[in-house]
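Asks: Respectively, the protein sequence lines represent chains F, W, E, L and C. All the letters of the first sequence, read from the start, carry residue numbers 1 to 288 under our numbering. All the letters of the second sequence, read from the start, carry residue numbers 289 to 605 under our numbering. All the letters of the third sequence, read from the start, carry residue numbers 606 to 963 under our numbering. All the letters of the fourth sequence, read from the start, carry residue numbers 964 to 1237 under our numbering. All the letters of the fifth sequence, read from the start, carry residue numbers 1238 to 1645 under our numbering. Here a beta-carbon is modelled for each residue, glycine too, at the ideal position from N, C-alpha and C. Given the structure is predicted, the values throughout are model-derived calculations rather than measurements.
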Amino acid sequence: MMDGTAQVFGEQQERQGAVKDTEGYVTEDGRQIGGTLMELRNITLRFGGVVAIKDISFDIREGEIRAIIGPNGAGKSSMLNIISGFYTPSEGELWYKGSKRPPMKPYEVARMGVARTFQNIALFEGMSVLDNVMTGRLTKMHAGIASQALWWGKARDEEIANREVVEKVIDFLEIQAIRKTPVGRLPYGLKKRVELARALAAEPSILLLDEPMAGMNVEEKEDMSRFILDVNDEFGTTICLIEHDMGVVMDLSDRVVVMDYGKKIGDGPPDEVRRNQDVIDAYLGVAH
Amino acid sequence: MLNDIFIKPFVDMATAPDFLLQVLWEGLVSGILYALIALGFVLIFRSSRIFNFAQGIMVVFAALTLVGLHAMGVPAWICVILTLGVMFVLAVTIERVVLRPLVGQPDIILFMATIGITLFLIGFGEIIFGGENKVMITEELGIPTDSVVLEPWGGLLILEQKDITAVVVAALLVVALLAFLNKTRMGRAIRALGDDHQAALSVGISLQQIWVLVWFIAGIIALVTGIAWGARAGVSFALEVIAYKALPVLMLGGLESITGAIVGGLLIGMLEKLFEIYWGQPLLGGNTETWFAFVLALIVLLFRPQGLFGERIIERV
Amino acid sequence: MLYRTAGQFKTTYKADQALFPVRQDAVLLAVILALVWVIFPLVASEFTFQTLLIPILIYSLAALGLNLLTGYAGQLSLGTAAFMGVGAYACYKLVTLMPWLNPVVAILFSGVFSAGVGVAFGIPSLRIKGFYLAIATLAAQFFLVWLFEKWAWLYNYNASGAIQVPNLEMFGVYVAGPQASSIVQYYVVLAVVTLLTVVCINLTRGNLGRTWKATRDMDIAAELIGINLMRSKLTAFAISSYVVGVAGALFVFMWRGAAEPNLFDIPLSFRILFIAIIGGLGSIMGNYLGAILIVGLPVVLNTLPEMLGLPISPATVEHLNVMIVGALILFFLIIEPHGLARLWALIREKLIIWPFPH
Amino acid sequence: MLDAGDTRETLLEVNNIEVIYNHVILVLKGVSLSVPQGGITALLGGNGAGKTTTLKAISNLLHSERGEVTKGSIVYRGERVQDLDPAALVKKGVIQVMEGRHCFEHLTIEENLMTGAFTRRDGKGAVEADLQMVYDYFPRLKERRKSQAGYTSGGEQQMCAIGRALMSRPETILLDEPSMGLAPQLVEQIFEIVKAVNEGEGVSFLLAEQNTNVALRFAHYGYILENGRVVMDGPAADLRENPDVKEFYLGMSDEGRKSFRDVRSYRRRKRWLA
Amino acid sequence: QEISAPNLSYRTGPFAATGIPVMNGQIDYFTMLNERDGGIGGVKVNFYECETGYNTEKGVECYEKTKSDAIVTQPWSTGITLQVLPKSNVDEIPILAPGYGFSAMADGSVFKWAFNLPSSYWDAASMILKGLGGDDMSGLEGKKIAFLHLDHPFGKEPLPYLEKKAEDVGFELVPIPVGLKEMQNQSAQWLQIRRERPDYVVMWGWGAMNVGALTEAVKTRYPMDQFVGVWWSGHSDDLQVVGEDGKGYRSISFNAPVENAPVMDDIKEFVVDTGKTQSDEEQRSEVFYQRGLVMSAALAEAIAAAQTHFETDVIDASQLRWGLENIEMTEERIAELGMTGMVPPFSTSCSDHTGHSGGWLLEWDGEKFVKASDHLMADAEDIEPLEKQKAQEYAEANAPWPTQDCEM
Ligand SMILES: Nc1ncnc2c1ncn2[C@@H]1O[C@H](COP(=O)(O)OP(=O)(O)OP(=O)(O)O)[C@@H](O)[C@H]1O
Ligand SMILES: Nc1ncnc2c1ncn2[C@@H]1O[C@H](COP(=O)(O)OP(=O)(O)OP(=O)(O)O)[C@@H](O)[C@H]1O
Ligand SMILES: [Mg+2]
Ligand SMILES: [Mg+2]
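1. Does the beta-carbon distance from Glu-865(E) to Gly-777(E) come in below 8 Å?
2. In the DSSP assignment, what are the bridge partners of Glu-1189(L)?
3. Using a cut-off of 7 Å between C-beta atoms, extract the partners of Thr-742(E) located in chain C.
4. I'd like to know if the region 656-663 of chain E and the region 858-873 of chain E are in contact, where contact means that at least 3 CB-CB pairs between them fall below 8 Å.
5. So, does the CB of Pro-305(W) fall closer than 8 Å to a CB anywhere in chain E?
6. Can you find a C-beta in chain E that's less than 8 Å from the C-beta of Ala-52(F)?
7. List the whole-angstrom C-beta distance separating Ala-720(E) from Ala-843(E), where the pair is believed to meet the contact cut-off of C-beta under 8 Å.
8. Under 7 Å from any heavy atom of ligand 4, does the C-beta of Lys-221(F) make it?
9. Leaving aside the five residues before and after Glu-1702(C) along the sequence, list all residues of the same chain whose C-beta is less than 7 Å from its C-beta, in chain order.
10. If distances are taken between C-alpha atoms only, which option among Ile-899(E), Leu-731(E) and Gly-884(E) comes closest to Asn-892(E)?
11. Val-169(F) and Val-129(F): beta carbons closer than 8 Å?
12. Which residues in chain C sit within 9 Å of Ser-494(W), going by Cβ to Cβ distance?
13. Check the Cβ-Cβ distances between Asp-1642(C) and every residue of chain W, and say whether any is below 8 Å.
14. On the three-state DSSP scale, how would you describe Asp-21(F)?
15. Beta-carbon of Tyr-289(F) versus every beta-carbon of chain L: anything under 8 Å?
16. Can you give me, in chain order, the residues of the region 569-590 of chain W that have a beta carbon less than 8 Å from any beta carbon in chain C?
17. Could you pull out every unbroken beta strand (DSSP E) segment of at least 3 residues lying fully inside the region 392-474 of chain W, listed in chain order?
18. Look up Thr-1115(L) in the DSSP assignment and say whether it is helix, strand or coil.
19. Using a Cβ-Cβ distance under 8 Å, would Ala-781(E) count as near chain C?
20. Just verifying my parser: in three-state terms, what is the DSSP assignment at Asp-1517(C)?
21. Considering only the beta carbon of each residue, do Ala-1112(L) and Glu-1068(L) sit closer than 8 Å?
22. How about Asp-1436(C) and Lys-1349(C): do their beta carbons lie closer than 8 Å?
23. Beta carbon of Glu-211(F): closer than 7 Å to some heavy atom of ligand 4?
24. May I have a chain-ordered list of the alpha helix (DSSP H) segments no shorter than 4 residues that lie completely inside the region 734-807 of chain E?
25. Which partner residues of Gln-32(F) appear in the DSSP bridge assignment?
26. Could you pull out every residue in the same chain whose Cβ sits closer than 6 Å to the Cβ of Ser-524(W), ignoring the five residues on either side in sequence?
27. With 8 Å set as the bound, which would you pick, yes or no: does the beta-carbon of Leu-1417(C) sit closer than that to a beta-carbon of chain E?
28. Could you run through the region 411-427 of chain W and flag, in chain order, every residue whose CB is less than 7 Å away from some CB of chain C?
29. Provide the residue span of the alpha helix (DSSP H) that contains Met-890(E), from first to last.
30. When you compare only the Cα positions, how much space is there between Thr-840(E) and Val-722(E)?
31. Among residues of its own chain, excluding the 5 on either side of Gly-443(W), which ones have a beta-carbon nearer than 6 Å to its beta-carbon?
32. In terms of residue numbering, what span does the beta strand (DSSP E) encompassing Ser-997(L) cover?
33. With a threshold of 7 Å (Cβ to nearest heavy atom), would Asn-120(F) be considered close to ligand 2?
34. Tell me whether Arg-274(F) sits in a helix, a strand or coil according to DSSP, three-state version.
35. Does DSSP classify His-924(E) as helix, strand or coil?
36. When you compare only the Cα positions, how much space is there between Pro-1323(C) and Pro-1355(C)?
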């Protein structure tokens, strides 16, 4: 349990409970990837008659950057929603840190260290950037109502300690200047960055990013890529991302899952996926 | 106690079936009248997501105008036409003065604005028409006022002809509205507007035109409602409180649904009457009609959060 | 440049989190406090106490309670009056069952009952949203008022069915009931309101406040980032109803002196909703501005024709009043839908950059 | 394809407009641009540059966001249009496809498309034919025609929004970030459709886009917006070759495309106007 | 120099229909006195209105606003009465609630500052029972009486008395409450009446409730001659809605309309013809307007009595209190006032703040109300102890409560 000051943003995450039985691998650029952090087994998801995901299995390993790609409507976002507990799969199981995850409410999932961003930005529009990022730390604050009401003791200490963590995230993502701006007024790209900040503030062990770079120009994508790589690098955060920009996906990710019409049509390192004929037909159009 | 709750009421129903029929009929008639108010709500809600609290006062206002004009010696049918004119002017004014500047504001702000309209109309109406109770010009409008007396099972069942008229008119109105909303270009535009008015604007749907239209139709419904209620209970500002009853009807039926408004109205009208007569009065000291509808709607909503016929709430991320 | 913020730097997060980071605001607050604690009591007449000062404070408090729920946590409530009623009846039972109880303690304690009732009627909010949720609060509204009427135990079986505030003493001074003087009641109300305002400010700027605001702005996202919606909504209902309940107890015990059940009927709920909305949802200060407008305006309007010597009959004045209040609500909504508080903020922003236009 | 030198009749002209939100936030600080008949004009620029605002100013959708054009003029076919309501503008043939899709959630895809034809008066048959045309362009929409738009995927919604605009038989389409969130194949496809519509039906486009790469491939002329001002404009081909554009908008350096992984140090955006 | 006597009127709101004619009558009477006699004892009476809309909050506001120079408060609603009653002790202003308010206010030793002349609601209930069951009410034995009442302090007021009587006389009492929101739509209540088949329906109605009840009664074909209302349910306008169908309906009243009473001539001469009235011809001939006159006459009598007793023209509030305790409305005095037949004689005293004038049953003949009974008197034997008991309870609940000693 975290009491606010003991552990601040910037320290290495503890990797407790990770399964050690599956072997990790070493990436091209020499990073050590750990064992399986999360595993999805035979997931199927139906909405009434629509089958959004059909019998898909894949795993996410500790410390890796995992991408999910596929045409629109393939079921990628739905997959993230399953991981973060928003949808309950009609069939299949989900294993996390070595044990089968029982059906859970989304907030319980979040408290287990899963943070995410959303395809259609889901910021709290009525709050300032700072407050939005502070919500990322809600799960780490435990002061009672009485203490909060009087702004005394634990509540105040926690507030200051967590504020420090949040300021670090803000510095990291270079959004200091807009700290006090209401997010409603921000341009799209900055909103995406604030969303990332909110997710990072939770110090997750796994970070889910749903199209983090949609609506950005190249330069901004470069910045965003940088942030993602640094998070992964410095804090060892496992990242699972959905993205349509093939340049980004191919450059950043360690392994890629390709989905089409709810089915998995490819899975492997970028180079392999890029050459997969099914993938080219269904998604890429031309080889990238 | 258990006997009083679970057995006696049903025994009572079985032993006096004619009375039960009368209870149901009374429930049906008030249900229809609730539903009429709810219809006005639904239409406006569909086209603008505005929860139009002013529908109740529009009913009063329409009825008062009608009666007031008649008192000035204008023939009944011309009164109706003039009243429609007044309702049209009202629709245009509301659109110009209130809705247009408030486009795109949060729902609750618009809701509040309609309460502002309500207050304004109450004050305005009282200055013009005065607060006294007035008699609806039922006969002058050619509505039959006799009653039909039936004797099922040797009992007694009294049906007022004006109630029967109200039921028939309401049914016609619903059919017409359903056809309008689902089959016409305007109807589609109204529904589109309710979903996303920015997008509606961008495809060239004119908010102003549609809102005037919709508020005017709501005004027509208000006039019909006003005549029907007025014929039953006289016309005065106290009528306004019945508008509250339209709220549970709406919620039960689903805020966007015409069918819902009617089904909700009938359900609530009949059930609250049954409950009051067979449970409320003997066991709870009566007057349960003040809350029964709300609690009923609440219970239904717990199982169907969008009401019986409402549109499914789309939750996606 | 009266309102200059330049040059006021914050060196610690603590200082940055202070209530009034801008010095001028602190000065303004000091002036207001001096007015309400010292100047007003010195100059106010009985009439001013009874028709302006005390009701404005009590209405502000009720609106504040509602604002926590609707403005901060995003749950629309149309049942405020009923929850006030619960507070009032609870307080009445407390002081009649335990006459030795300190009246202020009784008032503060009676909020606990309305908090309980509030939570019960808040449970549907877990499934029902938006306007549909209003039905739950309306059910509370109508059901509770009915209960106040039918449950004779609540009003000690007296014939009129109304509750009447007995004379209550505290430290040898009457604080409630007909014998209590207005100034004493004013101070009691002011103290309670000040206390609860401070509490509400703290709650809304801290963790709980952020939880509520997140729930309000986007509940799905809130849940996905780890907020337990049930807890968030129910605490909002509880705390909001608590404040509203205390306001209800004050309403009857420190001001009205007596209450019939239908006092707590829906028009009162709407009135408080007006105050909260005109003042500004999601703002603390707005409630005070709103109350001043909604409570003060009719009083002023009523005296106006007399002062101007206009020969308008009292009934017409009343009708005009209703009309004007309606029109003003529209007017304020149109010029600033986010309420007087936002209007003030806007003016402040302009003052800060004044004399430059942007 | 149109050439840079080709001078055609100017359809839409924006002269030095200024836009203020909420009475205080100055967003556009003097933007001028023109859209020729039958051309595809691209409006490029980073986040918050003011592209959307420019488009909304043209289509008069600012009003409901508490924004207003305080200076300058917007002229369409020689007529000042900034005081018209959006519906009147649609009747004149200018329609906007909004950023972020904005489909009518509770209407089916087909009903969504039909609302696009709201202002048309040329009879059922013509509308029906155009519906077929849209389905031909977007077969995916035909598959999902009976689904409520709220339940379709992002890409499907984008297609629906474009299709809906086509249904009004416009002369000019203001297209805001059509590629956002679309699979690469689809981006290509949608731009192909834009091109096809442009060439086939003679519709002019004003296109706000982040995906500079594609945009400059399909557009004839481009404007680059930074911080509420136009900082550069020129024929698309020229812009593609401009070294600044290359570096900051196309992500190319002298050695060709750089890997996102290799951008080790954060690059500061170069400002044309500091 | 003038005497300030404000009236907390309600010409707006849901009950305006009942309020307007009474208010008109009240104010017209004082206008007449001012015009004809130059006031009372040579001092003009400033009888002005403060509009409450029957809203308690507004009422209290009016009370606070007017109390500085007022010699009397006429709160005009049970809710407002409840609130100003305890205050009047502190502010020392008499409350005059003619024909409404607490019945127990009759006990002047406890309610030193409150007056509800000339008859209380318990009196009304008692007179109705007598009117239906004969002087000893024996005709009611074994009968069933439905008590249709507004679910509000006003409507509940006669219940303690009726319950007691039901036990004593042996009739069955079925209370049927009508919610404020159900006033217009009483079908549930009348279905209940149809099911219960009561021998009589007694109505404690107010404002729009009356019309609602009458139309339902006509619809369910309840015999009108078994349907009786309190005096607020005897408004001609309400009956106009059912017209001929309402024939036979009765209402108890402490005043009766007398079209050509001498006082009406004075009203015509000094108020109507000078254009100082808001009433119209038709209204002036009706029960409610004339009730307003009677109420004002009683107040004027009290003022006059105080003036004589204290030998001063401009009396103050506490002097008026004495005056209100010493009203002598004898047959002769009534005749002098030109009100013969409009109100029964009565007198008040220190211990009796009501006067218990008694009244008549008025019957709707299809067009107007006419007297339909002899003068009825409430049975004091039962009512007096009840008054004492309830007054005592009230005083205890509101301790410390100042009382006065009426023995000396
Ligand atoms: N709540 C829901 N109810 C019904 N259908 C749904 C729901 N959520 C998703 N779907 C359907 O499931 C399919 C997959 O949707 P999803 O959003 O996962 O696609 P995606 O791969 O993220 O596409 P995109 O790249 O366009 O975002 C779509 O056809 C969509 O219509
Ligand atoms: N409703 C609004 N109120 C206040 N400011 C706004 C509003 N809408 C936009 N802005 C501001 O205007 C500026 C320009 O926004 P705009 O949406 O036009 O940018 P854009 O170029 O379309 O960016 P993006 O590529 O992210 O869509 C931004 O800084 C934004 O914060
Ligand atoms: Mg997706
Ligand atoms: Mg944009």
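Replies: If we stick to the structure as given:
1. no
2. Arg-1192(L)
3. Near Thr-742(E) there are no residues of chain C at all, since even the closest Cβ is about 17 Å away, more than 7 Å.
4. yes
5. no
6. no
7. 5 Å
8. no
9. Here chain C has residues from 1238 to 1645 only, and residue 1702(C) is not among them.
10. Asn-892(E) has its Cα closest to that of Gly-884(E), out of Ile-899(E), Leu-731(E) and Gly-884(E).
11. no
12. Per Cβ cutoff of 9 Å: no residues; Ser-494(W) is ~39 Å from chain C at best.
13. no
14. Residue placement at Asp-21(F) is flagged as unreliable, the pLDDT there being 49, under the threshold of 50; the coordinate-derived value follows with that caveat. Note: Asp-21(F) maps to coil in three-state DSSP.
15. One cannot answer for residue 289(F) here, as it falls past the ends of chain F, which runs 1 to 288.
16. Gln-569, Gly-573, Gly-574, Asn-575, Glu-577 and Thr-578
17. 435-438 and 445-448
18. coil
19. no
20. coil
21. Yes, they are a contact pair.
22. no
23. no
24. 735-755
25. Val-26(F)
26. Asn-421
27. yes
28. Glu-414, Gly-419, Glu-420, Asn-421 and Val-423
29. Element bounds for Met-890(E): 890-913.
30. Spanning the two alpha carbons is a distance of roughly 12 Å.
31. Asp-306
32. 988-999
33. no
34. helix
35. It is helical.
36. 22 Å
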